[in-house]
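So the sequences go chain by chain: A and B. Per my numbering, the first sequence runs over residues 5 to 688. Per my numbering, the second sequence runs over residues 5 to 688.
Protein chains: 2
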Amino acid sequence: MSSDGNKKEFLVAFQPSGRKGYVPEGKTLLDAARDMGVEIESICGGQQTCGKCKIIADVGDFQKYGILSSPDHLSPPGGDERHYWEKRKRDPGNYRLSCAACVHGDLVINVPEESQARKQIVRKSAIVREIELDPAIHQYFVKVKSAELGDDRGDWELLQAALQETHGLDNLQIDYMVLRDLQKVMRQGKWEVTVTVWDGRQIVRAQPGYDEGIYGVAIDIGTTTVAGHLVDLRTGQILATEAMMNPQTTYGEDLMSRISYGMMNADGVDKMHAAIIEALSKLIKRATRAAKLQPEDVTELVLVGNTVMTALLLGVDPVELGGAPFALTTHSALDIKARDLGIAVHPAANVHILPAEAGHVGADNMGVVVAESPHVQEDIVLVVDIGTNAEILVGNKEHLLSASSPTGPAFEGGEISHGMRASPGAIEQVRIDRATGRPRFKVIGDDRWSDEMPAAEIQAAGICGSGMIDVIAEMFAAGVIDHGGKFIDPNPSPNFRATERVGEFILATREQTSTGQDITVNQQDIRAIQFAKSALYTGAKLLMERRGVKKVDRVLLAGGFGAHIDKKRAMMMGLFPDCDLDNVYAVGNSAGDGAVLCLLSRERRQRAQEIARWIDYVETAVEPEFQARFVDALGLPHNIDEFPHLQGLVPDRRQREAQEETRRRERRQNRRARRKKINETVRG
Amino acid sequence: MSSDGNKKEFLVAFQPSGRKGYVPEGKTLLDAARDMGVEIESICGGQQTCGKCKIIADVGDFQKYGILSSPDHLSPPGGDERHYWEKRKRDPGNYRLSCAACVHGDLVINVPEESQARKQIVRKSAIVREIELDPAIHQYFVKVKSAELGDDRGDWELLQAALQETHGLDNLQIDYMVLRDLQKVMRQGKWEVTVTVWDGRQIVRAQPGYDEGIYGVAIDIGTTTVAGHLVDLRTGQILATEAMMNPQTTYGEDLMSRISYGMMNADGVDKMHAAIIEALSKLIKRATRAAKLQPEDVTELVLVGNTVMTALLLGVDPVELGGAPFALTTHSALDIKARDLGIAVHPAANVHILPAEAGHVGADNMGVVVAESPHVQEDIVLVVDIGTNAEILVGNKEHLLSASSPTGPAFEGGEISHGMRASPGAIEQVRIDRATGRPRFKVIGDDRWSDEMPAAEIQAAGICGSGMIDVIAEMFAAGVIDHGGKFIDPNPSPNFRATERVGEFILATREQTSTGQDITVNQQDIRAIQFAKSALYTGAKLLMERRGVKKVDRVLLAGGFGAHIDKKRAMMMGLFPDCDLDNVYAVGNSAGDGAVLCLLSRERRQRAQEIARWIDYVETAVEPEFQARFVDALGLPHNIDEFPHLQGLVPDRRQREAQEETRRRERRQNRRARRKKINETVRG
């Protein structure tokens, strides 16, 4: 306790921040906290309505602060505060509203996590990420002086005055769509209104009375798959996740075929634009329904996608991205009204599209950067984002390089005889017994291995990208295929079947499938995956050379199928350069994660715009050695000097020779044994 | 000529501004002018493309500047400049492009009017107005560095860089609708592009190559009539003027009935909103067609209207304007994208709506203020803007008051038996012979009086507002009606006809009309006009009292029919308080003029926003004396002490008595003469 002559002051400390200071007698705890820079949540701005500023006054002698604290040092709850709890039929317990409780003695105040503004929230990935929750939209509740004769101010001016007075908001604008219905809203709420403010400057929603809840949607528009999260922007919680096929696949499987479709058809771009807009609206509708919300509750969107997807989203003809110099319409982040794009959410909602790095490295890769933050790491990181088009990042906080590699659709099940997307029924894991050459597998949606269940229950429908990686790595390890990807002849596996076109490996028999046909892997399938992985590997190696590093400290595998990928078998396949497997992480859809982060944090958005310009883009296609390197990398890794971490996992050259020797010996012994048996039988 | 040691300098003076200064040798005249604050037009920013910066180098000894000037003191025309003239197949004569001509001697330069940026343009009205042309949109031509491999900038970033370099434009934004087609435009123009920039900050149009022309439309949305001007914003010239009925009249003649329609019908507001938007699009289409332009050439709009019209334009339910406290949605000026309103112009065009003063004094009255500028006058001005709703302004630069008066539709021909809008066929001028009591008239579309032409050619269709004012003033002056507006009995005019309902005055006989029926004025018609004029008069008098003035120095009659009004007869009718007739001006559609001025000048717009808050609004309806005053003012002015300027024009009380005495005497004489004649005949 202290006194400045006129007015008494008391010592108040806030937990967990530990900030303390003298507070004049009678000041509210909310104001005291603000004076000390302790941010406590409040939607109503101190009108004892929202209850977001709940705190607890601790009891006891806090020697570290020199404070003898007691709840009795606060003014007792008044009518409004009691009314707040009664209305909610809840016992306040030790809680007090900090906007109501006034200081009348020394205090230690505990600010619970839910009452902290800009709270830290944790999101897990390769690295545990802690971010400060500061979305682009915030909500404010106000009581507005009602219109009356003699006051010529309009409703909007009265609302502005109230927002200024209660929340200190200046220079606000209002979206036309909100202005249009403002009078109805103000009267419906009896001159009490909750507004949602975008970027601290524009009102994008007005709701009658007190209302709480701000919601955003983050969507990754992939060439094949569109995936989105509905997020509660007050808590950072993901309320719903939805995914669907990109309906543009009707017009072309990969980027080049979409570009061509736009070139060949006068209304091609418009059709593809309309298709994705409709898909986004549908996806948002599903997600909001799942969370018992309405699409118009969504007032903020963050979208990512590769540069062709972004162009089509905007209704821009992507033709320039089909040839050098691969010119973008813009590399900057964009803020566009949802109604201008035609997305069915709140009409005043803002759509934020992350910036692009270059013609082939778009907003989705910026999402990956935001999510995985290679630009702040000491370690040299390799990030591979695998989709129909793959993006690669190599570097650390000093220098980060990016490139794009046309992997094609093989990793997503495209151009594979029995390929399919990673959805229920897809074979996603494969093991081949080294001794017998017989496979077993798991399908998405079932935790059991195929040999642990009746064949009829398996119902395998096809093989997804991670299944392809597994089966090829396992076939190589089991000696079914050689280093070049070719079936070994004679083949040691009973599941190998010779066909007109070289042969095929029977992964699932017709009894195990939902189609009634064998699911097989043939020479062409293996070749397609080899092409895809070589594009990735070559791109990564070129970037490493440019970056001046021989090895990377950490590998992050991102992408739609990143979550299902078996990192060990991906390395056995040669998807990426050698690395300690403990430092290889399958991080799933990082682009989408980055979009969510940008939904939660304005600072991340701003940083993304800067980082996009800072990252060095390398056009690998024009590198003179690319083609030669690409051909060299088609094979499966078998040089243990180059891949020390694959020691014991794949047959290296020496092992292979030993293996072949063993096999020859076995065959000789077998022959001998058989001959012996025949002789014995003949003699017998 | 002077020298600063390193580089020679020459003395250059610019006409007509008279600014002069030293210019380093070799500098272009355009740069020299800019350095001295002489603003020369330029769209291409010095690339010898647009030719807007033409000047003439004068010849001779200009003693007032101390300059011996010669065109030889300029560098000779180079290839580009010669190419400019050749391309246009024009002889340059003495003209030079100031962006090409470099200073190599002392010069007097004449900047012709068309080359002056922010040129002064003159618009005529009650006062001759000179305004500086500075519209919200400006045009710039640039040559852009083309996209190339290794430069990751998008087209928009390349364009920004070029605009910065050539025109010094910073922090530009681009409308999404322009961004969408930017790549096509840039390539079509071979990396040369002309952009239209709104408010110095947002690109609202991009055209391939060099293109010149910026166009705006100013529209006054009246309750009954919608009138608009298409304006060339480079020259200030009005290219086309169009007017049409407000299609909302289908839903109600006046404001209250439109408000009711919105209240009684669930989709009423939406219907009226859609109707006016469609009308605006149609009107703009007509105007652009008349000027051989396309609607999408229009990138700027200024709209004015009363508060109900503005609400319906925005799609806002005007219900709050139907009752106290007459709350507006906003009193501020608004900038809204044309596409958000659905008006068919360039989709990125901006719509500027002037601010309102109060619930009953809207953007149209601000248009009047902008056009007539009572807020800068020393004189006390009375401005009466007559429409279905009338607005009144009284005051000067020290204090300006406004009010609104519900005149009803009588002045626009509504609720009058033979009333019609001021369109061809309407009787707009009336004279009644004081001796014979016979009328003659003029119809809109014909310069002759009705007694100067064959009856069959007249084809009168009805009476418009100014015709009604004329006929009532004349009937009063001719003694057909008395001070109270009642037909005098017995009536001195042969055109008076007794009917079941008191009687009527035959203005045009069936032979003179297009309908084949007499056009008459009855007691109810006179009463309707009296109500309307009394509302105006009472409002004006109340404001004068509030303003503390007994008389006004000047009266401005504005409004749709203001152009046709006979100011003398309007005063005889008692439409406004006494004033020297030389100081009464019929200024026509001032609201529309103000809208045009706001299209031409950003400064006027900004000032309008300030003035709207500075003007004091008086709610006349709640003034306790209003009703009594209104009843008192229903009569026609006949107290010459109160209306000294009506001396000799209307029968005053004393004249009236003398007149009646004369008439009695005449009747006696007539009786005597008749008796004498009968006697003579009988005797004969």
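Don't be surprised by glycine CBs; every beta carbon is placed ideally from N, CA and C.
Within-8 Å CB hit, residue i to chain B
{"i": "Tyr621(A)", "result": "yes"}
{"i": "Lys194(A)", "result": "no"}
{"i": "Leu373(A)", "result": "Before going further, note that residue 373(A) is Val rather than Leu in the sequence given. It does not; no Cβ of chain B falls within 8 Å."}
{"i": "Gln187(A)", "result": "yes"}
{"i": "Ser336(A)", "result": "yes"}
Outcome for residue i when other beta-carbon atoms lying within 10 angstroms are tallied against a minimum of 16
{"i": "Ala130(A)", "result": "Confidence is the limiting factor: at Ala130(A) the pLDDT is only 45, short of 50, which leaves the residue's position unreliable and the question unanswerable from this model."}
{"i": "Lys571(A)", "result": "buried"}
{"i": "Lys128(B)", "result": "Because Lys128(B) sits at a pLDDT of 49, beneath the cut-off of 50, its placement in the model cannot be relied upon, and the following sentence gives the value as read from the coordinates. The residue is exposed, with fewer than 16 neighbouring Cβ atoms inside 10 Å."}
{"i": "Lys194(A)", "result": "exposed"}
{"i": "Pro700(B)", "result": "The shown model of chain B, from 5 to 688, leaves out residue 700(B), and the question about it has no answer."}
{"i": "Ala166(A)", "result": "buried"}
{"i": "Thr503(A)", "result": "exposed"}
{"i": "Thr440(B)", "result": "exposed"}
{"i": "Ile390(A)", "result": "buried"}
{"i": "Leu305(A)", "result": "buried"}
{"i": "His87(A)", "result": "exposed"}
Sub-8 Å separation of residue i and residue j beta-carbons
{"i": "Leu603(A)", "j": "Ala352(A)", "result": "no"}
{"i": "Ala481(B)", "j": "Pro322(B)", "result": "no"}
{"i": "Gly449(A)", "j": "Gly598(A)", "result": "no"}
{"i": "Leu540(B)", "j": "Phe580(B)", "result": "yes"}
{"i": "Val349(A)", "j": "Pro299(A)", "result": "yes"}
{"i": "Ala536(A)", "j": "Ala414(A)", "result": "yes"}
{"i": "Phe145(A)", "j": "Thr198(A)", "result": "yes"}
{"i": "Ala590(A)", "j": "Asp224(A)", "result": "no"}
{"i": "His568(A)", "j": "Ser454(A)", "result": "no"}
{"i": "Arg100(A)", "j": "Ala61(A)", "result": "yes"}
{"i": "Gln547(A)", "j": "Ala407(A)", "result": "In the sequence under discussion, the amino acid at residue 547(A) is Leu, which differs from the Gln named in the question. Yes. Within cutoff."}
{"i": "Ala231(A)", "j": "Ala244(A)", "result": "no"}
Rounded separation between residue i and residue j - CA only
{"i": "Asp557(A)", "j": "Gln67(A)", "result": "47 Å"}
{"i": "Phe445(B)", "j": "Met260(B)", "result": "34 Å"}
{"i": "His649(A)", "j": "Glu134(A)", "result": "32 Å"}
{"i": "Glu118(A)", "j": "Phe14(A)", "result": "26 Å"}
{"i": "Leu338(B)", "j": "Ala278(B)", "result": "19 Å"}
{"i": "Gly41(B)", "j": "Gln211(B)", "result": "30 Å"}
{"i": "Arg157(B)", "j": "Gln143(B)", "result": "24 Å"}
{"i": "Glu136(B)", "j": "Gln613(B)", "result": "18 Å"}
{"i": "Asp84(B)", "j": "Thr254(B)", "result": "60 Å"}
Opposing strand residues paired with residue i [DSSP bridges]
{"i": "Asn354(A)", "result": "Glu304(A) and Lys341(A)"}
{"i": "Gly220(B)", "result": "Val235(B) and Glu304(B)"}
{"i": "Thr200(B)", "result": "Gln143(B) and Arg209(B)"}
{"i": "Met248(A)", "result": "Val230(A)"}
{"i": "Ile467(B)", "result": "Gly423(B) and Ile431(B)"}
{"i": "Gln120(A)", "result": "Ile44(A)"}
{"i": "Phe480(B)", "result": "Per DSSP, none; premise fails for Phe480(B)."}
Chain A contact for residue i (CB, 8 Å cutoff)
{"i": "Leu604(B)", "result": "no"}
{"i": "Thr513(B)", "result": "no"}
{"i": "Trp618(B)", "result": "no"}
{"i": "Lys128(B)", "result": "Residue confidence is low: Lys128(B) scores 49 on pLDDT, short of 50, so the model does not pin down where it sits. No coordinate-derived value is stated."}
{"i": "Arg671(B)", "result": "no"}
Check: residue i C-beta below 7 Å from any heavy atom of the ligand FAD
{"i": "Arg617(B)", "result": "In the structure shown, the ligand FAD is absent, as is every other ligand, since no ligand is present at all."}
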